[in-house]
Amino acid sequence: MCKEDKLYNPMEENLVQDRIKAKVLCQQYNSLPIENTEQRISFLKQILGKTGEMVYIEPNFFCDYGYNIEVGKNFYSNHNLVILDPAKVIFGDNVFIGPNYGFYTAEHPFDVQTRNQGLEYARPITIGNNVWIGGGVNVLSGVTVGDNVVIGAGSVVTKDVPNDVVVAGNPAKIIRNL
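Just so we're aligned, residue 7 is where the sequence shown starts under the numbering used here, counting upward by one.
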């Protein structure tokens, strides 16, 4: 795991090997017959750091490391989930995600000299319980989404989201209380 808010080199050999392992497992997972539920669950348990009961991710699914991802019970993601997880990505219980979704904990420095050295940093993402996320949404590093939240399709979540709201837009803003 990379150190939160500290620059690291993603090309360090151990990180490269960890990414290769996760990407091979994701590639195999995405190739499994859709009706082979038991094998799909087994692969998710190999890829993800922690899984609750009733976890289902439609192919295609991609992640950087996998071991930094924790998923609660009753989790569903539609097609094309991408999680860049050099930092923790934690999902609560009863989280439902639309298609073409991205969670990005990795960031690149604004300073051009540092960025050109290939260094980056990462900040965790936390998604609460009972969250419904529409299609085509992106959540950026360091964001915490509260409980009982709906995120509208196409949104880009750049800041923390409190409990019991609907957010939408780019950047996502509260449009209604629940």
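Even for Gly, the Cβ is constructed at its ideal location relative to N, Cα and C.
Just so it is clear, the structure is predicted and the values come from calculations on it, not from any experiment.
Note down the Cα distance separating residue i from residue j, rounded to an integer number of angstroms.
i: I75; j: K56; result: 7 Å
i: F49; j: N183; result: 38 Å
i: E19; j: I26; result: 11 Å
i: C69; j: I180; result: 29 Å
i: V189; j: V172; result: This structure does not reach residue 189, given that the chain is present from 7 up to 184, and the question cannot be answered.
i: E142; j: K51; result: Checking the sequence shown, residue 142 turns out to be Gly, not Glu. Rounded to whole angstroms, G142 to K51 spans 25 Å at the Cα level.
i: S37; j: D24; result: 20 Å
i: H85; j: E126; result: 28 Å
i: V163; j: F109; result: 10 Å
Contact check, residue i vs residue j under 8 Å by CB: the rounded distance?
i: A128; j: I157; result: Between I157 and A128 the Cβ distance is about 21 Å, and since that is not below 8 Å, they are no contact.
i: Y82; j: Y107; result: The pair is not a contact, with the Cβ atoms about 11 Å apart (cut-off 8 Å).
i: K165; j: V149; result: 7 Å
Using the beta-carbon count (16 or more within 10 Å), is residue i buried or exposed?
i: N144; result: buried
i: V118; result: exposed
i: R121; result: exposed
i: D91; result: buried
i: A159; result: exposed
i: V22; result: exposed
i: G98; result: buried
i: F116; result: exposed
* Which ranges would you report for the alpha helix (DSSP H) in the stretch 16-79 if only whole runs of at least 4 residues count? -> Correct list: 19-37, 43-53.
* **Contact the stretch 11-23 vs the stretch 42-52: 3+ CB pairs below 8 Å** => No: the two stretches stay apart, fewer than three of their Cβ pairs being nearer than 8 Å.
* How about the stretch 130-137 and the stretch 95-111: do they share at least three Cβ pairs that are nearer than 8 Å? -> Counting C-beta pairs closer than 8 Å gives three or more between the stretch 130-137 and the stretch 95-111, which meets the contact rule.
* **Ranges of the beta strand (DSSP E) found wholly within the stretch 102-145, counting only runs of at least 3** => Segments of the beta strand (DSSP E) lying fully in the stretch 102-145: 107-110, 131-133, 137-139.
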